[in-house]
Structure formats: C-alpha cells, structure tokens
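Counting in the numbering used here, the sequence shown runs from 2 upward without gaps.
Below is one structure, written out as structure tokens, with a few remarks after it.
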Amino acid sequence: MLHINHYYRPDTLEEAWQLRQKKGSAILGGTGWLRLGEHTIQHAIDLSSLDLSYIQEDEDGFLIGAMTTLREIEINEPLNKAFDGAFTEAVWHIVGVQFRNCATIGGSAYGRFGFSDVLALLLALDCEVHLYKEGWVPIAEFAGRSNEADLLTEIRIRKNRRVVYLSERLNANDFPACAVAVSNGTDGWRCTIGARPCRAKLVTLPTDCGSRDESGLRKIAEKAAASVTYGGGMRGSAAYRQAVAAVLIRRGIQALCAKGGQA
Ligand SMILES: Cc1cc2nc3c(=O)[nH]c(=O)nc-3n(C[C@H](O)[C@H](O)[C@H](O)COP(=O)(O)OP(=O)(O)OC[C@H]3O[C@@H](n4cnc5c(N)ncnc54)[C@H](O)[C@@H]3O)c2cc1C
C-alpha cells in the first residue's frame, strides 16, 4: 500500500520543482505504478493544477503535456492520423480503459519501464522530452538515464517519420513479451526493440530496407534482433523473445512499405 505523509498541489512549475528537491519527494502522475507495493512518499507532488494535459498539433508535430492520459493518446485523432494509428496500437492493450484514463504519458516516459510500450514507440520517433530545469532532452538520451529530480513537463514529437508499432502478448492485456516499433524518415530506417524485458533500445536498419525481397528482409530483421540482449522470464525465454523480435521487425518493415514508406 502507498502511504503519503505530505500532499501538495502546487500552482506553479517552480513551486513543484522546489518541492521535488525535498528528500523523500515524488511527483504523482496517474499513480498507476506508484501505488503498487508497500512504500511511503514523504512529499507527494500532484501536478494536476498545472494545465499539463493537452495534445497540441502544429505544422511540425505535436506537443503533449505530461499529465495527458494514455486514453487521450489512444483516441486522439490528429495524433493517430499523423502516425497511422501507432499510438492507439501501443496503448490499447494496457490494462483497461479506466486505468488508461488515469495513467499519464509523463509517468510512462519518466518511469522508463523495461516493459514500456510507450517508451518503445517514442524512441522510434523524432521525439524529445522537456524537463523543467534542464530543457529539451532527446528521448534516446533520456531513456538511457536514471531517475532525476526534475519535472517532465511535456513531450515533443515531430511529424517527420512514418511508424508501425507491433507487440507480442500472451494475452491481450498482459505486459508485452516483446515490443517493436519500426520507423522510416529522411534519415533512414530504424527500429526499437523493447520489453526484452529490459528498456527499449534503438537499432539502425539498412537504408535499402524498402527494396529487399522476403529473404533479404528476414536477414535484416534477424541481424537487428540479434544486436540487442534479451532476458528470460514468465512471458518467454530470451531465445523466444529474440525470435519474436525478428518476426515483428520484418512485419513492421513490410507494413511500412505497404503504407508507402517514408514520411
Ligand atoms: C498492472 C499494470 C500493468 C501495466 N501494463 C503496461 C503495459 O502493458 N505497457 C506499458 O507500456 N505500460 C504498462 N503499465 C505502465 C503504465 O502504462 C504507466 O506507464 C504507469 O502506470 C506510470 O504512469 P502513471 O501516470 O501512473 O505514473 P505514476 O505511477 O504516477 O509515476 C511513475 C513514476 O514517474 C514519476 N513521474 C510521474 N509523472 C512525472 C512527471 N511529470 N515528471 C517527473 N516524474 C514523474 C513518478 O514519481 C514515478 O516515479 C502498467 C502498469 C500497471 C500498474
């Protein structure tokens, strides 16, 4: 059970940041993850008065506020139109609608969970997270770090990549046994492989992915899948995850080619 000793709902980001510097403090996102297990938060900081729930589109891309729920991301039409439904596909499996109405993109990105569908998708895109004090940080750099005492305020995603998201689950609402996002833009093809079960990793794919035949694609996908490490567990062995990753990467490339490739 989660115990909270002091609860705050600051009116400014600066106030929230100051509170976050206190020992034993934590930001509350949707508390979907935070409330699991037996632990105590000395100073709990609720960001819900800071107007951080929005999805804004402009010519270049999207700005998504940290307190935007996974459900809003799932059903937002402009976002899913721009990325061929990839956001819906990445989040609709997560627990259930009530849960996704609470869990936030800020908590999902900040958590950098090894099983994260959200992180696996964001990494395949041209994406940055905004930390209140530090400013914009590329998602790949952020994903490689450990937790810091800053506030994640928003996420910026540029509309310069096509993307396909695929995951393998033992049942529809379980954690993924393997998650893959394949994307293509003017700087080439890449994929992320997540839920291995460690944090998603970005892998660069050959520039001529789009012109390979089936057996060529198999080789590319197997090589990409073999370039990261896997662990075993109740959802599958390391060898199983690697085999699934290769299939998902190949299917992702094929699906992107079928959609016309580059953004
Ligand atoms: C049973 C269960 C199953 C799940 N299955 C999946 C799944 O299949 N796929 C998947 O991708 N995810 C899954 N998740 C994770 C879920 O989607 C969310 O990512 C998770 O709940 C965290 O989001 P939250 O808003 O609830 O954050 P919280 O639980 O409130 O916070 C998580 C962490 O982020 C910090 N934090 C939150 N917001 C901010 C911020 N703005 N700035 C700085 N720090 C912040 C918190 O202090 C905490 O350390 C699952 C979670 C649960 C509980």
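Ideal placement from N, C-alpha and C gives every residue a C-beta, glycine not left out.
Selected residue, minimal CA-CA separation from residue i, among the options
i: A136; options: L120, V119, R157; result: The residue asked about is misnamed: residue 136 is Gly in this sequence, not Ala. The candidate whose alpha carbon is nearest that of G136 is R157.
i: K134; options: N6, Q255, A17; result: A17
i: R197; options: L249, G62, S184; result: L249
i: V181; options: Q57, V130, S49, V165; result: V165
i: R265; options: A256, K202, E169; result: As shown, the chain starts at 2 and ends at 264. That puts residue 265 outside it, with no answer to give.
i: S50; options: R72, Y9, K82; result: Y9
i: R162; options: G211, G62, E169, L29; result: G62
i: R170; options: A91, E60, G38, D85; result: A91
i: P11; options: A125, K24, I28; result: I28
i: W190; options: L257, P79, F100; result: L257
i: Q99; options: A225, G31, R36, E155; result: G31
i: D209; options: D188, V229, V138, S228; result: D188
i: A125; options: A150, V183, K82; result: V183
i: A173; options: G38, R236, T205; result: R236
i: E75; options: D52, S216, E58, F88; result: F88
i: D59; options: A150, A83, Y231; result: A83
N-terminal and C-terminal residue of the alpha helix (DSSP H) that residue i is part of
i: S216; result: 215–227
i: V204; result: From DSSP, V204 is part of no alpha helix (DSSP H) but of the beta strand (DSSP E) over 202–205.
i: L14; result: 14–21
i: N81; result: 78–83
Bounding residues of the beta strand (DSSP E) (the contiguous stretch that carries residue i)
i: I194; result: 189–195
6 Å CB neighbourhood of residue i in its chain, flanking five on each side removed
i: H4; result: T41
i: P139; result: E129
i: G233; result: A239
Same chain only: Cβ atoms within 7 Å of residue i, ignoring 5 sequence neighbours per side
i: F315; result: Lying before the first or after the last residue shown, residue 315 is absent from the chain, which here runs from 2 to 264.
i: A247; result: A222, E223, A226
i: R36; result: L3
Exercise. Take every Cβ of the region 101–114, pair it with every Cβ of the region 64–83, and state whether three or more of those distances are shorter than 8 Å.
Key: By the Cβ test, the region 101–114 is in contact with the region 64–83, since at least three Cβ pairs between them sit closer than 8 Å.
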